[in-house]
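Below is one structure, written out as structure tokens, with a few remarks after it.
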Amino acid sequence: MEFLLAIMTGILYAAGLYMMLRRSLVKLIIGLIMISNGANLLIFLLGRITKGNPPIIEESSDVFTSIYADPLPQALILTAIVISFGLQSFAIILVKRAYKVVKTDDLDEMNTLDEEI
Amino acid sequence: MMQQLLLYPLLWQLLMSIVLMFAWRHINVQRVMSILGSVIGLVLSGILFYKVLVSGTQTIQAGGWEAPFGITFVADTLSATLVLLTSIAGLAVSSFSSASIIPARLKFGYFAIFHFLLLGLIGAFLTGDIFNLYVWFEIIIISSFVLITLGGEKAQIEGAVKYFTLNFLASIIFLTAIAVLYGLAGSLNMADLAILIPQIENRGLVEVAAILFLVGFGIKSAVFPLYFWLPASYHTPPSAVAAIFGGLLTKVGVYALIRVFTLLFVDDVFIDEVLMVIAILTLFSGAIGALVQKNMRKVFSYLIICHIGFMIAGLGMFTELAIAGAIFYLIHDIVVKTNLFMISGLIYRIKGSNNIKSLGGLYKEYPKLSLLMTIPFFSLIGIPPLSGFWPKISLIIASFNTENYMVLGAVIFASVLTLIVMAKLWSEVFWKNPADLPKRDHFLYFSKMTTTRKLQMLLPIVFLTGVSLYIGFGAESVQQLSTRIAGELMNKQQYIDAVMPKS
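Now the structure itself:
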């Protein structure tokens, strides 16, 4: 399971980076989304995956007696997902505006700022 | 009551942004409320600063959860000073923007987002939890995205695409670094991490995490190879927005670098050397970049990059004196850079342009105003006894002591080039005969404004110039403050004890 997730994370990072290096604005956004999902998976993976042991203390004892799944990475991922949702929706609107105003989705042509004084 | 004192500046900004949203369409109400609210915010941060100065580091455990488990808010002297400076810059920009930004922009909730940005900045300075720091960074960038695109002009949208992409990427790298760190240490509390990290056996991965933090915060603070988004975007939004960005947004990255590399990853020779190389290259490239620009705000954008180098150099040398110099420079830089962008905004309102080539004759038309502007210009260059001079002494002495002659050379080179850039700017904008600028229709010229609006633009500049003068002439007290901060940063046990009293 860990092995599979590690590969997945690597693919997401690599594919995201590749997409970001393309010139299209839409691909840029897709690349950003992929990398941020990769980061979420990485937190999940590095938080140590424990199967079938929810972090609930049994009635008979006061503390954890056996190994348990760490709930914190999931809370972190949830926060990160919510934040990246907000940012991604902003990004999509921004790209739409940029396409309307600049009339191109080629990042290389977005250089009017450098030409004008 | 006094226990929660730490949270008041934070909660006040949150309250301000909520209340301002109720007055969405009433711009005049928003203007008055924002200025008054910023005054109260300044008072609250002042009280917090005084409290920290008198009785040492303040902490609060959110929700009553003990330190390594809950989120801790920590106000040591560095955090309290930066919160105070944020409130000072916030007050100035709040007043300046109520006059200089056109009502059409203000109608889209400018002030509410502005106070939300201040909330994020104060939160980032006060938090003692590395993941919470990430959340505050997100609050900062999301409100800065709104501020940078508000108005939706072509240049703004283009700048925003670049600004957005690199800042989003920086956040993801920061998040990756947190993931690696959590996997290694199993904690997120910075004080707890400071204890755990030296015990980790896998030093290679610790180094990887440190480099990831360096890259993430490096993009945010615009250091050498990662700064290209800054000059591409900072001259596009209205100057009031650029003032708060230039004054504070890159500095929050520097703060995070200082915090992480004095608390978590210390005694790491490799990182220190990387930091020093970065600092030297940042000083060079920023100064040379500023030399060739023709837009006033682009010049200032490159000077921001250049002067980030001073702080990174101080952090890289890692002696108490060097860090004191870096902190002093940070204090000076927040005030001066905010002021510089407001001045560029004022010139834009007077002349209708920010192009150095077509500006001119400002000294003839506004002699008193020009004399006022020389003070922040001179403190930026570091002409004694103004504020930029004193931290450079500390940095130069520190580089002699640690025998880093390259840093010494870069510091002097960047100072000289700043002088040349400012001298060129002065002779072009203030002395040269003006070119004929076309009169722009529907443009809010400074001369057409009412007296109240004029004062709202001028007073913040006077106010920040006064603060600069205080930093320059009261350098002894600021130096003592910086030395105290540097002492606290070098002795991390003090921070750990404040957060977790029992250990």
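Residue numbers (the working numbering), protein chains in the order written: chain A, 1 to 117; chain B, 1001 to 1503.
Glycine is no exception: its CB is placed at the ideal position from the N, C-alpha and C atoms.
Since the model is a prediction, treat every value here as computed from it, not as a measurement.
Name the two residues that bound the continuous beta strand (DSSP E) containing residue i.
{"i": "Val1429(B)", "result": "Segment: none, Val1429(B) is in no beta strand (DSSP E) and carries neither H nor E."}
{"i": "Gln1061(B)", "result": "1058 to 1061"}
{"i": "Ala1075(B)", "result": "1072 to 1075"}
Rounded to whole angstroms, what is the Cα-Cα separation between residue i and residue j?
{"i": "Ala1209(B)", "j": "Ala1177(B)", "result": "5 Å"}
{"i": "Ile117(A)", "j": "Leu1359(B)", "result": "With a pLDDT of only 43 at Ile117(A), under the threshold of 50, the placement of this residue in the model should not be trusted; the figure read from the coordinates follows. Going by the C-alpha atoms only, they are around 12 Å apart."}
{"i": "Leu1275(B)", "j": "Leu1205(B)", "result": "19 Å"}
{"i": "Thr50(A)", "j": "Tyr1470(B)", "result": "58 Å"}
{"i": "Trp1012(B)", "j": "Pro1384(B)", "result": "38 Å"}
{"i": "Met1426(B)", "j": "Met20(A)", "result": "Reading off the sequence shown, one finds Trp at residue 1426(B), where the question assumed Met. Distance between the alpha carbons of Trp1426(B) and Met20(A) is about 41 Å."}
{"i": "Ala958(B)", "j": "Leu1091(B)", "result": "Look at the range of chain B in this structure, 1001 to 1503, and you will see that residue 958(B) is not part of it."}
{"i": "Met1500(B)", "j": "Pro1068(B)", "result": "8 Å"}
{"i": "Asp966(B)", "j": "Met1190(B)", "result": "The first residue shown for chain B is 1001 and the last is 1503, placing residue 966(B) beyond what the model contains."}
{"i": "Leu17(A)", "j": "Leu28(A)", "result": "9 Å"}
{"i": "Gln1494(B)", "j": "Ala1075(B)", "result": "12 Å"}
{"i": "Tyr1445(B)", "j": "Arg1349(B)", "result": "5 Å"}
{"i": "Phe64(A)", "j": "Thr9(A)", "result": "31 Å"}
{"i": "Gly1474(B)", "j": "Asp1333(B)", "result": "16 Å"}
{"i": "Ser1370(B)", "j": "Val1335(B)", "result": "18 Å"}
{"i": "Phe1261(B)", "j": "Ile1278(B)", "result": "14 Å"}
{"i": "Ile1101(B)", "j": "Asp1192(B)", "result": "45 Å"}
{"i": "Tyr1182(B)", "j": "Leu1188(B)", "result": "7 Å"}
{"i": "Val102(A)", "j": "Ala91(A)", "result": "16 Å"}
{"i": "Phe1145(B)", "j": "Ser1079(B)", "result": "25 Å"}
{"i": "Tyr1050(B)", "j": "Gly1056(B)", "result": "10 Å"}
{"i": "Tyr1255(B)", "j": "Asp1267(B)", "result": "19 Å"}
{"i": "Ala1435(B)", "j": "Val1223(B)", "result": "36 Å"}
{"i": "Ile1088(B)", "j": "Ala15(A)", "result": "44 Å"}
{"i": "Ser1017(B)", "j": "Gly1472(B)", "result": "34 Å"}
{"i": "Ala1414(B)", "j": "Ala69(A)", "result": "53 Å"}
{"i": "Thr1086(B)", "j": "Leu1118(B)", "result": "7 Å"}
{"i": "Leu1048(B)", "j": "Ser1387(B)", "result": "24 Å"}
Alpha carbons only, please: which of the options is nearest the one belonging to residue i?
{"i": "Ile1200(B)", "options": "Pro1460(B), Val1180(B), Met1406(B)", "result": "Val1180(B)"}
{"i": "Tyr1366(B)", "options": "Phe1378(B), Ser1353(B), Val1429(B), Glu1320(B)", "result": "Val1429(B)"}
{"i": "Val1161(B)", "options": "Gly1487(B), Gly1109(B), Trp1229(B)", "result": "Trp1229(B)"}
{"i": "Ile1331(B)", "options": "Val1252(B), Leu1346(B), Ile1375(B)", "result": "Val1252(B)"}
{"i": "Gln1058(B)", "options": "Ala1191(B), Thr1077(B), Ile1101(B)", "result": "Thr1077(B)"}
{"i": "Asn1433(B)", "options": "Ile1375(B), Thr1465(B), Phe1300(B), Leu1362(B)", "result": "Leu1362(B)"}
{"i": "Ile81(A)", "options": "Ile11(A), Met8(A), Leu42(A)", "result": "Leu42(A)"}
{"i": "Gly1487(B)", "options": "Ala1322(B), Lys1448(B), Ile1140(B), Arg1440(B)", "result": "Ala1322(B)"}
{"i": "Gly1152(B)", "options": "Leu107(A), Ala69(A), Lys96(A)", "result": "Lys96(A)"}
{"i": "Leu1121(B)", "options": "Trp1024(B), Val1032(B), Phe1245(B)", "result": "Phe1245(B)"}
{"i": "Lys1492(B)", "options": "Leu1263(B), Val1299(B), Leu1464(B)", "result": "Leu1263(B)"}
{"i": "Ile1489(B)", "options": "Ala1194(B), Val1093(B), Phe1073(B)", "result": "The residue asked about is misnamed: residue 1489(B) is Leu in this sequence, not Ile. Nearest C-alpha to Leu1489(B): Ala1194(B)."}
{"i": "Thr1149(B)", "options": "Phe1125(B), Pro1238(B), Glu1066(B), Leu1118(B)", "result": "Pro1238(B)"}
Which residues mark the beginning and the end of the alpha helix (DSSP H) in which residue i is found?
{"i": "Thr1452(B)", "result": "1451 to 1473"}
{"i": "Asn1354(B)", "result": "Asn1354(B) -> no alpha helix (DSSP H), and no H or E assigned at all."}
{"i": "Thr1374(B)", "result": "1367 to 1381"}
{"i": "Pro1103(B)", "result": "1103 to 1106"}
{"i": "Tyr1445(B)", "result": "Here Tyr1445(B) belongs to no alpha helix (DSSP H), and DSSP marks it neither H nor E."}
{"i": "Glu955(B)", "result": "With chain B represented from 1001 up to 1503, any question about residue 955(B) goes unanswered, as that position is not in the structure."}
{"i": "Thr1165(B)", "result": "1154 to 1185"}
{"i": "Asn40(A)", "result": "25 to 46"}
{"i": "Gly1046(B)", "result": "1027 to 1055"}
{"i": "Lys1392(B)", "result": "1389 to 1401"}
{"i": "Phe1245(B)", "result": "Note, Phe1245(B): premise wrong, no alpha helix (DSSP H); not H, not E."}
{"i": "Glu1307(B)", "result": "Rather than Glu, the amino acid found at residue 1307(B) in this sequence is His. Its alpha helix (DSSP H) spans residues 1296 to 1317."}
{"i": "Tyr18(A)", "result": "2 to 21"}
{"i": "Tyr1495(B)", "result": "1492 to 1499"}
{"i": "Ile1211(B)", "result": "1203 to 1221"}
I'd like to know whether the C-beta of residue i is nearer than 8 Å to at least one C-beta of chain D.
{"i": "Met110(A)", "result": "The displayed structure is made up of protein chains A and B, and chain D is not among them."}
**Request:** Return the residues of the region 33 to 58 of chain A that lie within a Cβ-Cβ distance of less than 7 Å from chain B, sorted by chain order.
**Result:** Ile35, Ser36, Ala39, Leu42, Ile43, Leu46, Gly47
**Message:** Quick test of the definition: if touching needs 3 or more C-beta pairs under 8 Å, does the region 1327 to 1336 of chain B touch the region 1378 to 1395 of chain B?
**Reply:** yes
**Message:** Between the region 1133 to 1144 of chain B and the region 37 to 53 of chain A, can you find at least three pairs of beta-carbon atoms closer than 8 Å?
**Reply:** Counting C-beta pairs with one atom in each stretch, the region 37 to 53 of chain A and the region 1133 to 1144 of chain B have fewer than three that are closer than 8 Å, which means they do not touch.
**Message:** Would you call the region 1418 to 1427 of chain B in contact with the region 1297 to 1309 of chain B, where contact means no fewer than 3 C-beta pairs closer than 8 Å?
**Reply:** yes
**Message:** I'd like to know if the region 25 to 40 of chain A and the region 1159 to 1173 of chain B are in contact, where contact means that at least 3 CB-CB pairs between them fall below 8 Å.
**Reply:** yes
**Message:** Tell me which residues of the region 1128 to 1155 of chain B have at least one Cβ-Cβ distance to chain A shorter than 7 Å, keeping chain order.
**Reply:** Phe1131, Val1135, Glu1138, Ile1142, Phe1145, Thr1149, Gly1152, Lys1154, Ala1155
**Message:** With three or more beta-carbon pairs closer than 8 Å as the criterion, would you say the region 1149 to 1165 of chain B touches the region 1233 to 1240 of chain B?
**Reply:** Yes, the region 1149 to 1165 of chain B is in contact with the region 1233 to 1240 of chain B.
**Asked** Would you say the region 1286 to 1295 of chain B touches the region 1100 to 1112 of chain B, given that touching needs at least three Cβ pairs under 8 Å?
**Response** Touching, no, given that fewer than three Cβ pairs across the two stretches are closer than 8 Å.
**Asked** Does the region 1117 to 1131 of chain B come close enough to the region 1480 to 1487 of chain B to have 3 or more Cβ pairs within less than 8 Å?
**Response** no
**Request:** Could you tell me whether the region 1294 to 1303 of chain B touches the region 1346 to 1358 of chain B, using the rule of 3 or more Cβ pairs below 8 Å?
**Result:** yes
**Message:** Using a Cβ-Cβ cutoff of 8 Å, what residues of the region 7 to 31 of chain A are near chain B? List them in chain order.
**Reply:** Met20, Leu25, Leu28
**Asked** Of the residues that make up the region 76 to 102 of chain A, which ones have a beta carbon closer than 7 Å to any beta carbon in chain B?
**Response** Leu76, Thr79, Ala80, Ile83, Gly86, Leu87, Phe90, Ala91, Leu94, Arg97, Ala98, Val101, Val102
**Item:** Segment contact, 8 Å Cβ cut-off, at least three pairs: the region 1394 to 1405 of chain B with the region 1310 to 1322 of chain B
**Value:** The region 1394 to 1405 of chain B is in contact with the region 1310 to 1322 of chain B.
**Request:** Report yes or no: do the region 1107 to 1121 of chain B and the region 1032 to 1043 of chain B share at least 3 C-beta pairs separated by less than 8 Å?
**Result:** yes
**Prompt:** Got a sec: which bits of the region 1299 to 1326 of chain B sit with their beta carbon under 7 Å from any beta carbon on chain A, in order along the chain?
**Reply:** none
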